[in-house]
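Q: Residue numbers (this note's numbering): 4 to 184. All C-beta atoms in this analysis are idealised placements derived from N, C-alpha and C, irrespective of residue type, glycine included.
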């Protein structure tokens with residue numbers, strides 16, 4: 004239960020190698036897989052974790068070995084994330100760069116195909132963020148983490164608190180000019 008089946012050095016090396024290999028493979032798959040985790044994606048992730056488990060722990064089923072592997076995994080992730088925050092070029096290498104899916108209301112079909120994003124996916128993102136259609140956008144961008152950023156054209160943006168406050172003040176001025184009833 005507490006006796007490791009392989010050395011801690013080998014376990015650390017295996018964990019780091021598998022982590023980096025998965026990072027590369029996930030970058031090759033694209034950002035869409037990160038954007039929307041559906042049932043199929045969840046099954047793939049669960050199977051993937053099971054497939055790489057033996058590569059990380061080998062024949063070691065001890066509690067201490069598992070905890071050590073988890074600690075190495077979290078430490079490796081923490082170091083890479085901190086280095087990415089320190090050096091923007093390193094963050095771009097790890098995470099990638101944003102992909103423009105539409106600009107000025109026009110879809111970027113080659114970029115959408117490369118990322119596996121459909122017109123419906125873009126339309127849903129636009130509707131979710133307050134737009135009525137792609138033609139109302141100034142920019143639709145797939146971020147490295149998989150989220151979709153939508154910027155609506157100035158006249159097509161939904162009202163915010165400042166807009167409502169300005170309308171309320173205008174109505175109060177109009178009401179003040181009306182004769183009493």
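Going by DSSP in three states, residue 102 sits in which element: helix, strand or coil?
A: Against the chain shown, residue 102 aligns to sequence position 99. In this structure, residue 102 counts as strand in the three-state DSSP scheme.
Q: So residue 155 packs on residue 140, CB below 8 Å; how close in whole Å?
A: Here residue 155 is taken as the residue at index 152 of the chain shown, counted from 1. Here residue 140 is taken as the residue at index 137 of the chain shown, counted from 1. Contact flag correct, Cβ pair sits at about 6 Å.
Q: In chain order, which continuous runs of the alpha helix (DSSP H) of length 4 or greater are located wholly inside the region 40–70?
A: If we require 4 residues or more, the alpha helix (DSSP H) runs fully inside the region 40–70 come out as 42–60.
Q: Report the rounded CA-to-CA distance for residue 152 versus residue 53, giving the unit in angstroms.
A: As a first step, residue 152 is located in the chain shown; it is residue number 149 there, counting from the start. As a first step, residue 53 is located in the chain shown; it is residue number 50 there, counting from the start. Looking at the two C-alpha atoms, the distance is approximately 33 Å.
Q: With distances taken Cα to Cα, identify the nearest neighbour of residue 30 among 134, 181 and 98.
A: As a first step, residue 30 must be located in the chain shown, where it is residue number 27. Cα-wise, what sits closest to residue 30 is 98.
Q: Check residue 156 in the structure and name its three-state DSSP category.
A: Taking the chain shown and counting its residues from 1, the one referred to as residue 156 is at position 153. It is coil, neither helix nor strand.
Q: Using 8 Å as the threshold, is the region 54–69 in touch with the region 10–17, meaning 3 or more CB pairs across them?
A: In short, these stretches touch, since the Cβ pair count reaches three.
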